[in-house]
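Peer 1: Please find one structure pasted underneath; my questions will follow.
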Amino acid sequence: MIDFACKEFRLNDVIKCALNLTRADMKVIGLFFDTPEKWVNTEDIANDTGLDLSTVQRSVKKLHEKEILTKSQTNLDRGGYTYIYKLKEKNEIKEIIMQIVHKWVNKVDNELEAW
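Heads up, the sequence shown is in full-length UniProt numbering, so the first residue is 1 and it goes up one at a time.
Printed below as a string of structure tokens:
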């Protein structure tokens, strides 16, 4: 818990808010937090989380665009390819979130200065 004056925040709440994630996104990222070294495809994520495949695909796309997940292409034996995903290093994710938090702090500072 993070105690901020009149409210306490769980770290997951800060991550969810900072990255603008949905509950489904948090379910997906939680799976990656549990196995940070593992590469997985969207079908496995859907099976493990109980989410619909299209929901997982949207979440994975969003997390990749926010630079939380790394994406790699795997060629299939029968032709074609599939993408697999892995969580980036926690230090990289921490840096992304801290940049957002610093923007919040600067905005509050500017608002207080204007007040």
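Ideal Cβ positions, reconstructed from N, Cα and C, are used throughout, including at glycine. Please read these numbers as outputs of a predicted model, since none were measured by experiment.
1. Taking the straight line between their C-alpha atoms, what separation do you get for G50 and K27?
2. Helix, strand or coil for E89, going by three-state DSSP, please let me know.
3. Check whether the region 90-98 touches the region 42-59, taking contact to mean three or more Cβ pairs, one atom from each stretch, closer than 8 Å.
4. If we ignore side chains and look at the alpha-carbon of each, how far apart do Q73 and K61 end up?
5. For Y83, which of D52, L112 and N41 has the nearest alpha-carbon?
6. Count the other C-beta atoms from every protein chain shown that fall within 10 angstroms of the C-beta of L21, then say buried if there are 16 or more, exposed otherwise.
Peer 2: In terms of the structure at hand:
1. Rounded to whole angstroms, the separation of the alpha carbons of K27 and G50 is 9 Å.
2. Here E89 carries a coil assignment [DSSP, helix/strand/coil].
3. Counting Cβ pairs under 8 Å, fewer than three are found: no touch.
4. About 14 Å.
5. Answer by Cα proximity: N41.
6. Per the 10 Å Cβ criterion, buried.
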